[in-house]
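For reference, the structure discussed in these notes is given below.
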Amino acid sequence: MNTNHPLLASLADEPPPFPDSHPQLQRLDRSVLCTICKEIFRAPVTVTCGHTFCSECIRSSLSVMTDKKCPLCHATITEGSIRRNRAMEEVTEAWETARDSLITLSQPVAGPSRRRPPPEPNSKSSSSTSANLKRPRRSDESRSQSPNKISKKSTDHVDHVVSSDSEEEEQVQEISENDEGECPLCSARMAIASIPMHIERGCPPVSKKKSAPGNQKADWRKVFSMAGSTKEKNVSMKRITSPNYHLATPTDLRNILNEYSLPTVGDKPALEARVRQWIILFNSNLDTEHPKSLSALRAKLNAEEISKKRDKERGRDEAVENLKTTEGFAEHVRNSGAEFERLRKEIMERDAKRAKAAKGLEASSAIEVD
Amino acid sequence: MVLSISSRRLMKELKEIETKGTPPGIQLLKADDMETWIFLISVLGDETVYKGETFALKLKFEPGYPIDYPQVTFLSDDQYQPPLHPHVYSNGHICASILGSEWSPVLTALSICITIQSMLASCKKKERPPGNDRYVRSAPLNPKLTRWAYEDDTV
Ligand SMILES: [Zn+2]
Ligand SMILES: [Zn+2]
Ligand SMILES: [Zn+2]
Numbered sequence: 010m011n012t013n014h015p016l017l018a019s020l021a022d023e024p025p026p027f028p029d030s031h032p033q034l035q036r037l038d039r040s041v042l043c044t045i046c047k048e049i050f051r052a053p054v055t056v057t058c059g060h061t062f063c064s065e066c067i068r069s070s071l072s073v074m075t076d077k078k079c080p081l082c083h084a085t086i087t088e089g090s091i092r093r094n095r096a097m098e099e100v101t102e103a104w105e106t107a108r109d110s111l112i113t114l115s116q117p118v119a120g121p122s123r124r125r126p127p128p129e130p131n132s133k134s135s136s137s138t139s140a141n142l143k144r145p146r147r148s149d150e151s152r153s154q155s156p157n158k159i160s161k162k163s164t165d166h167v168d169h170v171v172s173s174d175s176e177e178e179e180q181v182q183e184i185s186e187n188d189e190g191e192c193p194l195c196s197a198r199m200a201i202a203s204i205p206m207h208i209e210r211g212c213p214p215v216s217k218k219k220s221a222p223g224n225q226k227a228d229w230r231k232v233f234s235m236a237g238s239t240k241e242k243n244v245s246m247k248r249i250t251s252p253n254y255h256l257a258t259p260t261d262l263r264n265i266l267n268e269y270s271l272p273t274v275g276d277k278p279a280l281e282a283r284v285r286q287w288i289i290l291f292n293s294n295l296d297t298e299h300p301k302s303l304s305a306l307r308a309k310l311n312a313e314e315i316s317k318k319r320d321k322e323r324g325r326d327e328a329v330e331n332l333k334t335t336e337g338f339a340e341h342v343r344n345s346g347a348e349f350e351r352l353r354k355e356i357m358e359r360d361a362k363r364a365k366a367a368k369g370l371e372a373s374s375a376i377e378v379d
Numbered sequence: 664m665v666l667s668i669s670s671r672r673l674m675k676e677l678k679e680i681e682t683k684g685t686p687p688g689i690q691l692l693k694a695d696d697m698e699t700w701i702f703l704i705s706v707l708g709d710e711t712v713y714k715g716e717t718f719a720l721k722l723k724f725e726p727g728y729p730i731d732y733p734q735v736t737f738l739s740d741d742q743y744q745p746p747l748h749p750h751v752y753s754n755g756h757i758c759a760s761i762l763g764s765e766w767s768p769v770l771t772a773l774s775i776c777i778t779i780q781s782m783l784a785s786c787k788k789k790e791r792p793p794g795n796d797r798y799v800r801s802a803p804l805n806p807k808l809t810r811w812a813y814e815d816d817t818v
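Just so you know, the sequences run in chain order C and H.
Each residue of the first sequence is one higher than the one before, counting from 10 in the numbering used here.
Each residue of the second sequence is one higher than the one before, counting from 664 in the numbering used here.
Following this line, the structure appears as structure tokens:
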């Protein structure tokens, strides 16, 4: 296969691997990677069997498993057994700091030049691997600012979030504000100085794209503008306990969302999904020395909601196709139960609307392009 | 473009495939986007009932990947046909527990291919699953909408 797959251009800023001459360093490099996201541990936590994952990775995994098991060894685990792994977080950070120099030392020839302009977004150049030695900062790396922000604002339970000891020196970054960097949330490239504002605005795409319609967006915008201008309300930095989703009323769910200044639009399933995802993001944010700001968490939640929504729309189109091509519709409904029935209604309603609105205009989008 | 967690994960997998290659009998045929990948799968050796046959496995990823498993089906078109196997329906749907209750987010596209390959390798008799015709008549396009009942734990 060709080694310059166009899709990999966006990975061009990935750090180079250790050469095969240093298998022991390759092993060390692998040992700080989460087996779920395959990235370096972020807010590492350990479960009962002793396996370690990013907090968010394991919490998300458990949230969809009916039978809650360790993804690696299948031991039965519970969310309550998740423990923050401070040692692993320290090792991970120490490794990230040491990696650059070790890469240089492990190169057979003299190390490549450290500073080069960032690669073109679409550059297929194979030389890009040797260019940026720095591991790209990851989606959690608004590090220096967020802890202060939070410790200022929260009155109680600060100990969960920020260690008050300041003897740990912040790593000084070698890049300046004028350099281009990657948005830690959406990976779009822009001047580093403009990233905080970009995040504050909820990661608007760089290229103009058709965005999700409806109040949802307006509501999110309100959330972000509010977070930017007014003071954050006093949010308790305590782990959130999941409500009983069967018993919770939409109002209960809205109350939770309100407490964290999140949008309260949508029906119960939408509210529930938002609460669930927020609890994952919020709780895993407590498992690190470098928590993100609440507005960054909200931006992330928003981005995820948009991406899910896009997918759901795609899924619907597929289901439409499905109804056309298969005969056993009744059996289908029986098999997939109420969820499918709901989906079907949505599709019918949507199609009816479409037919009214634009005759034939949107017909093409109902067909899945393979 | 917004790089979701799933896209980042898939790009890492793709990079790994490009640098380290694929196991014998598995070949990446198409990965033009971060949504649908197609692998060619064949069973090597003389022992197999699928000697000389090649199948195309389609993996369709959703934004929830890898927390959520992809849609995995064998292609059924002019060029490729699903294997005759007691867990593979003639529409390409596969009844395998890792593509359902036994999915783990540490698994990758390649590990799915390897599992499917070994499922084929262990097959002694070419036959369709019982109730194939009935299932195929009413099956949803997306195999994830089917409630599978796994007959044994070996697949
Ligand atoms: Zn992870
Ligand atoms: Zn384990
Ligand atoms: Zn301790």
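The beta-carbon is built from N, C-alpha and C at its ideal position, and this holds for glycine as well.
Using a Cβ cut-off of 8 Å, pull out every chain H residue sitting near residue i, in sequence order please.
{"i": "I91 (chain C)", "result": "Those within 8 Å of I91 (chain C) in chain H number zero; the least Cβ separation is about 15 Å."}
{"i": "L17 (chain C)", "result": "M674, L677, K678 and E681"}
State the DSSP-derived secondary structure class of residue i, mapped to helix, strand or coil.
{"i": "P53 (chain C)", "result": "strand"}
{"i": "I730 (chain H)", "result": "coil"}
{"i": "L17 (chain C)", "result": "helix"}
{"i": "Q112 (chain C)", "result": "What sits at residue 112 (chain C) in the sequence shown is Ile, not Gln. Helix, per DSSP."}
{"i": "I91 (chain C)", "result": "coil"}
{"i": "T61 (chain C)", "result": "strand"}
{"i": "K721 (chain H)", "result": "strand"}
{"i": "L707 (chain H)", "result": "coil"}
{"i": "M782 (chain H)", "result": "helix"}
{"i": "T101 (chain C)", "result": "helix"}
{"i": "Q35 (chain C)", "result": "helix"}
{"i": "E313 (chain C)", "result": "helix"}
{"i": "F27 (chain C)", "result": "coil"}
{"i": "F338 (chain C)", "result": "Note that F338 (chain C) scores a pLDDT of 41, beneath 50, so its modelled location is shaky; the value from the coordinates is reported in the next line. Note: F338 (chain C) maps to helix in three-state DSSP."}
{"i": "V751 (chain H)", "result": "strand"}
{"i": "Q744 (chain H)", "result": "coil"}
{"i": "M199 (chain C)", "result": "strand"}
{"i": "V41 (chain C)", "result": "coil"}
{"i": "E790 (chain H)", "result": "coil"}
In chain C, which residues lie with their C-beta within 7 Å of the C-beta of residue i?
{"i": "P726 (chain H)", "result": "S316, K317 and D320"}
Does residue i have its Cβ less than 7 Å from a Cβ in chain H?
{"i": "T85 (chain C)", "result": "no"}
{"i": "T273 (chain C)", "result": "no"}
{"i": "T113 (chain C)", "result": "no"}
{"i": "K309 (chain C)", "result": "no"}
{"i": "P80 (chain C)", "result": "yes"}
{"i": "V73 (chain C)", "result": "yes"}
{"i": "I288 (chain C)", "result": "no"}
{"i": "S70 (chain C)", "result": "yes"}
Considering only heavy atoms of ligand 2, does any lie closer than 6 Å to the CB of residue i?
{"i": "L81 (chain C)", "result": "yes"}
{"i": "C58 (chain C)", "result": "yes"}
{"i": "A279 (chain C)", "result": "no"}
{"i": "A84 (chain C)", "result": "yes"}
State the CB to CB distance for the pair residue i and residue j, rounded to an integer number of angstroms; the pair is presumed to be in contact (CB under 8 Å).
{"i": "I730 (chain H)", "j": "V73 (chain C)", "result": "6 Å"}
{"i": "R263 (chain C)", "j": "T250 (chain C)", "result": "No, R263 (chain C) and T250 (chain C) are not in contact; Cβ-Cβ is about 17 Å, not under 8 Å."}
{"i": "D296 (chain C)", "j": "A52 (chain C)", "result": "4 Å"}
{"i": "C43 (chain C)", "j": "F50 (chain C)", "result": "5 Å"}
{"i": "P80 (chain C)", "j": "P768 (chain H)", "result": "5 Å"}
{"i": "K675 (chain H)", "j": "K47 (chain C)", "result": "5 Å"}
{"i": "C192 (chain C)", "j": "I204 (chain C)", "result": "6 Å"}
{"i": "L773 (chain H)", "j": "I680 (chain H)", "result": "7 Å"}
{"i": "T736 (chain H)", "j": "H756 (chain H)", "result": "6 Å"}
Within 6 Å: the Cβ of residue i and any heavy atom of ligand 1?
{"i": "V45 (chain C)", "result": "Looking at the sequence shown, residue 45 (chain C) is not Val but Ile. Within the cutoff, so yes."}
{"i": "C758 (chain H)", "result": "no"}
{"i": "C212 (chain C)", "result": "no"}
{"i": "C195 (chain C)", "result": "no"}
{"i": "C776 (chain H)", "result": "no"}
{"i": "C192 (chain C)", "result": "no"}
Applying a beta-carbon distance threshold of less than 7 Å, which residues of chain H neighbour residue i?
{"i": "S64 (chain C)", "result": "What S64 (chain C) touches in chain H: nothing, since even the nearest Cβ is about 14 Å away."}
Any beta-carbon of chain C closer than 7 Å to the one on residue i?
{"i": "P768 (chain H)", "result": "yes"}
{"i": "S667 (chain H)", "result": "yes"}
What does residue i reach in chain C if we use C-beta pairs closer than 8 Å?
{"i": "P729 (chain H)", "result": "I45 and C46"}
{"i": "S764 (chain H)", "result": "T75 and D76"}
Does the beta-carbon of residue i, which I'm using as the reference point, lie nearer than 6 Å to any heavy atom of ligand 5?
{"i": "C786 (chain H)", "result": "In the structure on display, ligand 5 does not appear, and the ligands it does have are ligand 1, ligand 2 and ligand 3."}
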